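To start, the structure itself, in structure tokens.
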Amino acid sequence: MFNSRGFARWCGFFLAAALLLACEPAWAGKRVALIIGNSVYQNVPPLANPINDGAIMAATLKGAGFDVVDSRHDLSAVEARRALRDFSDAARDADIAVVYYAGHGMEVDGANYLIPVDAKLERDTDVYDEALSLDRVLVAVEPAKQLRLVILDACRDNPFAKQMKRTVASRAIGRGLAQIEPTSPNMLIAYSAKAGSTALDGDTKNSPFTIALAKHLATPGLDVRRAFGFVRDDVLKATSNRQEPFVYGSLGGDDVPLVPAPARAASRASEPATNPQADARRDYELALQIGNRAAFSAFLAQYPDGFYASLAKLQLDKIAAEDARIAATDKAKQAEQERARLAAEGAKKEAQVKAEADAKAAEQARLVAEKAKQVAQDQAAAAERNRADKAADTQIVASNAATDGDSRAAASSPPDKATNVAALTAGPTPADITKSVQLELRRVGCLSGAADGDWNAASQRSLSSFNRNAGMKLDVKTASTDTLDAIRQKQSRVCPLVCEHGYKADGDHCTRIVCADGTFLNDDNECEKRRASRPVAKRDRPEARQFPQAKQAIVRRSQTPTGPAQSSTGRPLTGSERALGCNSYQAIMSGVCP
């Protein structure tokens, strides 16, 4: 027989348990973190902030309820490897694993390394033995199931690179850290500054990047990608657009907060839901920051309709138009090269005519693609202006709502979230846009001056050089968001590197030209073979004809004055003495004559 009282008692028990669980915070699984701050370097000047940055990050994650927070500082190479090995064991059954590092780091030949405090790095090859590869850090967080997060505040100006000897002239030692694309799923790698640039330590005991991390990263219920978006905004504002944090990697469509949001009780289910347009706007701004096809496609997968979906589609059209323009340009170049080759080889007239027609068709296609790209770019710029106007209206509404909101709405949202939304919707000032454009022009190698926010003649010439080398027609008279988006599409150097005489371009650096023995550097900056000196034939001048000198008779007078026909004693000579020639000095001196 069915027992109605027992059934009612069990139903009441399960209902109470469900309500009790609904009032508790959402369970996030096991969360572990390793914090490393290297300040006291033994062979270069010490750093002031990393040890303080590590302390504030350890306190933040402990306050967020992490199960393991292993905080260490000033680690040698052996100690750093041991710490990573121990952390790998802790992350083996974790859902979220976080590694935070503050200190010196460097890039050698496209690979990133973290530098322990006992490193000397006298030669470029010492980095393989004395430094810690970033790949080793990624292996340590690999066992985590839901989120693998590595945060690097290591893009400082590196003193080791200035004193390091190069064993191979072609080995590149970059500025800051190199761009990285994680190969494992659910992995994010956050840099304090974009790849190839350096970070600032700030004027306080903590770096601007770490201050922003401590403010936003542990916000309950806030997706980690949005948290890094807020961190980026705060750092750009604190550094006057001189430092832009960047995040590499991707996650799935679900929110992944470091700290779970507290679940609401059933009695609070009637409260108004969060404005979906605000979520779409923040996700769109994150996709716009990344700026590639995959980011906008992921946004459209989550928000297939609406105002921001239309903006994302326009951005995709702009990217597709740029790709078509590049492909058409390459095809036109190949067709022109083929036409020139056939003409040089003296091919048949029919083949040359066909090649010339193909070249003309390819050039026409390039012009069409260029025009289509410009149209798509103009449409995206107009849509962005419309978005800025709508964001301004949203800011006014948000301000009024914040003024009239009740205490329950304030408790259900993060403390600083409303302020951050208002800061985002305000939009950058013209000076900020100018600085951002100048920074991007420096990144692509078109501007050598400082990014000071002054759009002067040098900045206009640099943008003209970008247009010429990128095949674009951006307005050089002013710096706009459209110009900024166009330059951000370029992932590598656009303007060629110009080096002084005696140096040559080697990637993003100028290296000295060393000529081999027997060659010299000419005025064209090329090594030329030295010509051997040859003997110069000279025509001998005709010598004056020499004639034999006529012999001159030397008449020597007698050293003893004598009169005519007298002997040496002064007596007159006899006839026989005169016949013998005794009147001469020689005869007298011979002893024959008296």
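Note that our numbering has the sequence shown beginning at 884, numbered continuously upward. Glycine included, every Cβ here is placed at the ideal spot set by N, Cα and C. Keep in mind that this is a model prediction, so the values were computed, not measured.
- Cβ-based burial, T1308 [other Cβ within 10 Å; buried from 16]: As a working note, residue 1308 is residue 425 in the sequence shown. Reliability fails at T1308, whose pLDDT of 38 lies under 50, so the model's placement of it is uncertain and no value is given.
- Message: Suppose only complete runs of 3+ residues qualify. What are the beta strand (DSSP E) ranges in the region 1210 to 1267, listed by chain order?
- Response: No beta strand (DSSP E) of 3 residues or more sits fully in the region 1210 to 1267.
- Task: Classify G1328 as helix, strand or coil using the three-state DSSP reduction.
- Result: Here residue 1328 corresponds to residue number 445 of the sequence shown, with the count starting at 1. DSSP places G1328 in coil when its eight states are reduced to three.
- Message: For the pair the region 1238 to 1256 and the region 1207 to 1227, tell me if three or more CB-CB distances fall below 8 Å.
- Response: Segments in contact, yes.
- Message: For the region 1178 to 1193 against the region 1219 to 1227, do three or more pairs of beta-carbon atoms, one drawn from each stretch, fall closer than 8 Å, so that the two count as touching?
- Response: Cβ pair count under 8 Å is below three, so no.
- Helix, strand or coil: how does DSSP classify P1297 here? On the sequence shown, residue 1297 is found 414 positions in, with the first residue counted as 1. Residue placement at P1297 is poorly supported in this model, since its pLDDT is 46, which falls under 50; the coordinates are not used for a value here.
- Message: Let's test the definition: count the other Cβ atoms within 10 Å of the Cβ of A900 and tell me whether it reaches 16, buried, or not, exposed.
- Response: Mapped onto the sequence shown, residue 900 falls at position 17. Since pLDDT at A900 reaches only 45, below the 50 mark, its modelled position is unreliable, and the value read off the structure follows with that caveat. Exposed, by the Cβ-count rule.
- Query: Can you name the start and end residues of the alpha helix (DSSP H) that G1112 belongs to?
  - Reply: Your numbering for residue 1112 matches position 229 in the sequence shown. Segment V1107 to A1121, the alpha helix (DSSP H) holding G1112.
- Task: Please go through the same chain and pick out, in chain order, the residues whose beta-carbon is closer than 6 Å to the beta-carbon of G946, but skip the five residues on each side of it.
- Result: Within the sequence shown, residue 946 is the residue found at index 63, counting from 1. Nothing listed; no residue qualifies.
- Hey, could you find the ends of the alpha helix (DSSP H) D969 is sitting in? By one-based count along the sequence shown, residue 969 stands at place 86. Counting along the chain, the alpha helix (DSSP H) containing D969 begins and ends at A960 to A973.
- Query: Taking the Cβ atom as the reference point for each residue, do Y1386 and C1393 lie within a distance shorter than 7 Å?
  - Reply: Residue numbering aside, residue 1386 sits at position 503 when the sequence shown is read from its first letter. Residue numbering aside, residue 1393 sits at position 510 when the sequence shown is read from its first letter. Yes. Within cutoff.
- Item | Residues that T1366 bridges to, as DSSP identifies them | As a working note, residue 1366 is residue 483 in the sequence shown. Answer is none; T1366 lacks a bridge partner.
- Task: Count the C-beta pairs between the region 955 to 969 and the region 918 to 926 that are closer than 8 Å, then say yes if the count reaches three, no if not.
- Result: The region 955 to 969, when compared against the region 918 to 926, does touch it at the 8 Å Cβ threshold.
- Query: Who are R914's beta bridge partners in DSSP?
  - Reply: Within the sequence shown, residue 914 is the residue found at index 31, counting from 1. The partner list for R914 (beta bridge, DSSP) reads I979.
- Item | Beta-bridge partners of L1071, as assigned by DSSP | Along the sequence shown, read from residue 1 onward, the residue named residue 1071 stands at position 188. Per DSSP, the beta-bridge partners of L1071 are L1032 and G1132.
- For K945, the first and last residue of its enclosing beta strand (DSSP E): Position 62 of the sequence shown, counting from 1, holds the residue named residue 945. No beta strand (DSSP E) holds K945; the alpha helix (DSSP H) holding it covers P933 to G946.
- Query: In terms of DSSP beta bridges, what is Y1526 paired with?
  - Reply: This structure cannot speak to residue 1526, because the chain is shown only from 884 to 1477.
- Span separating the alpha-carbon of D1012 from that of L1071: The residue you call residue 1012 lines up with position 129 of the sequence shown. The residue you call residue 1071 lines up with position 188 of the sequence shown. L1071 has its alpha-carbon roughly 26 Å from the corresponding atom of D1012.
- Message: Would A980 and A1027 qualify as a contact pair, given that the criterion is a beta-carbon distance under 7 Å?
- Response: Numbered from its first residue, the sequence shown carries residue 980 at position 97. Numbered from its first residue, the sequence shown carries residue 1027 at position 144. Their beta carbons are under 7 Å apart, which means A980 touches A1027 by this criterion.
- Message: S1075 and P1128 - do their beta-carbons sit closer together than 7 Å?
- Response: Within the sequence shown, the letter at position 245 stands for residue 1128. Within the sequence shown, the letter at position 192 stands for residue 1075. Yes, these two residues count as a Cβ contact at 7 Å.
- Three-state secondary structure (DSSP) at F949? Here residue 949 refers to the residue found at position 66 when the sequence shown is read from its first residue. Shown here, F949 sits in coil according to DSSP, grouped into three states, outside any helix or strand.
- Between the region 1321 to 1337 and the region 1363 to 1375, do three or more beta carbon pairs fall short of 8 Å? Output reads yes: the region 1363 to 1375 touches the region 1321 to 1337.
- Can you list, in chain order, the residues of its chain whose CB lies under 6 Å from that of L1032, leaving out five sequence neighbours each side? Your numbering for residue 1032 matches position 149 in the sequence shown. Once the five neighbours on either side are set aside, the close Cβ partners of L1032 are V981 and L1071.
- Evaluate E1233 with the Cβ neighbour count: other Cβ atoms within 10 Å of its Cβ, from every protein chain shown; 16 or more gives buried, anything less gives exposed. For the purposes of this step, residue 1233 is taken as residue 350 along the sequence shown, with counting starting at 1. Counting other Cβ atoms within 10 Å of its Cβ, E1233 stays below 16 and is therefore classed as exposed.
- Message: Helix, strand or coil, according to DSSP, for K1356 in the structure here?
- Response: On the sequence shown, position 473 is the one that residue 1356 refers to. In the structure shown, K1356 adopts coil according to DSSP, grouped into three states.
- Report all residues from its chain with a CB closer than 7 Å to the CB of N1405; omit the five preceding and five following residues, and keep chain order. If you number the sequence shown from 1, residue 1405 lands on position 522. Cβ neighbours of N1405 beyond the five flanking positions: E1411.
- Ordered along the chain, which non-local residues of its own chain (more than five positions away) have a Cβ less than 6 Å from that of I918? To locate residue 918, count along the sequence shown from 1; it is residue 35. Sequence-distant partners of I918 (beyond 5 residues in either direction) whose C-beta falls short of 6 Å from its own C-beta, in its chain, are G937, M940, A941, S954 and Y983.
- On the premise that A1263 lies in contact with K1201, defined as a C-beta separation below 8 Å, what is that separation, rounded to the nearest angstrom? Position 318 of the sequence shown holds residue 1201. Position 380 of the sequence shown holds residue 1263. Cβ-Cβ separation between K1201 and A1263: approximately 5 Å, consistent with a contact (criterion under 8 Å).
- Query: For the putative contact between L1197 and A1266, defined by C-beta atoms under 8 Å, what is the C-beta separation to the nearest angstrom?
  - Reply: Residue mapping note: residue 1197 aligns to position 314 of the sequence shown, counting from 1. Residue mapping note: residue 1266 aligns to position 383 of the sequence shown, counting from 1. About 5 Å separates the two Cβ atoms, so the contact holds.
- Task: Take V1381 as the anchor and find which of R1395, I1370 and Q1374 has the nearest alpha-carbon.
- Result: In the sequence shown, residue 1381 corresponds to position 498, counting from 1. V1381 has its Cα closest to that of R1395, out of R1395, I1370 and Q1374.
- Query: At which residues does the beta strand (DSSP E) containing R1395 begin and terminate?
  - Reply: As a position in the sequence shown, residue 1395 is number 512, starting the count at 1. Where R1395 is concerned, the enclosing beta strand (DSSP E) stretches over H1392 to R1395.
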